Structures are given as structure tokens and as C-alpha cells.
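Residue numbers for the sequence shown follow full-length UniProt numbering, so the first one is 1 and each next one is one higher. Working notes, structure below.
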Amino acid sequence: MRSTQQFSITLPNEMADAVKAKVAGGEYATESEVIREGLRSLMARDRAIERWLRTEVVAAYDELRADPSKALTPDQVRAALAEARNRRVARG
């Protein structure tokens with residue numbers, strides 16, 4: 001049984017140019033290698049998000065269910081987000 005499958009894909013010109021540039025620049029030997037690396041990165045990101053959801057988000061949810069008084073009001077959330085945005089803007 002083969003361990004690979006062949007696909008035919010269509011990319012927007014900008015993405016196709018980026019793939020070709022990676023190969024032309026010597027970073028990758030083939031277009032397939034570029035696509036494989038992109039998929040590996042996507043899969044790694046998905047795994048990281050899944051870990052975050054299962055650990056931090058579930059823990060925060062469980063903590064909030066155990067003590068609802070720790071919840072923030074929508075106004076408090078908006079204020080905290082605005083403050084964080086203002087700090088980022090101030091840093092440049």
C-alpha cells in the first residue's frame with residue numbers, strides 16, 4: 001500500500017507565487033515539500049489549540065462553574081480589552 005497520495009490543487013496566484021519562490025530560493029526542493037510543511041504547521045497549530053482548550057479553557061470554565069462570583073460583566077470585559085488595546089498602542 002502506498003504511503004502517499006497524489007492531489008491536484010488550485011491556489012490563488014499570490015500563494016502559488018509564494019510556493020514557487022520558496023523552491024526557487026532553495027528553501028525547499030519541490031512544491032510538494034512546501035505544501036507538506038505548510039500542512040505540518042497547520043496540524044501543529046491545531047494540536048496546540050486543542051491542548052489549550054482542554055487545559056486552560058476547561059480549567060477556567062470549571063473554576064467559573066464552581067464560583068460564578070468570579071465572572072466578569074460584559075462592561076468589565078470591554079474595559080479590560082480596551083485597556084489592553086491602549087497599552088499595545090502606547091508601546092507602538
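Ideal placement from N, C-alpha and C gives every residue a C-beta, glycine not left out. Just so we're clear, the structure is a prediction, and the values are computed from it rather than from any experiment.
Proximity of the segment 30 to 43 to the segment 14 to 22 meets the contact definition, three or more beta-carbon pairs being nearer than 8 Å.
Look at L53 here: in three-state DSSP terms it is helix.
For Y61, the enclosing alpha helix (DSSP H) begins and ends at V58 to A66. One alpha carbon belongs to M43, the other to G25, and they sit about 25 Å apart.
Between T4 and the set E14, R36 and M15, the nearest pair of CA atoms involves R36. DSSP, reduced to helix, strand and coil, places Q6 outside both helices and strands of the structure shown, so it counts as coil. Taking C-beta atoms under 8 Å as the contact rule, A71 and L64 qualify, at a distance of about 6 Å. Secondary structure at A18: helix, using DSSP grouped into helix, strand and coil. Here DSSP, grouped into helix, strand and coil, assigns A84 to helix.
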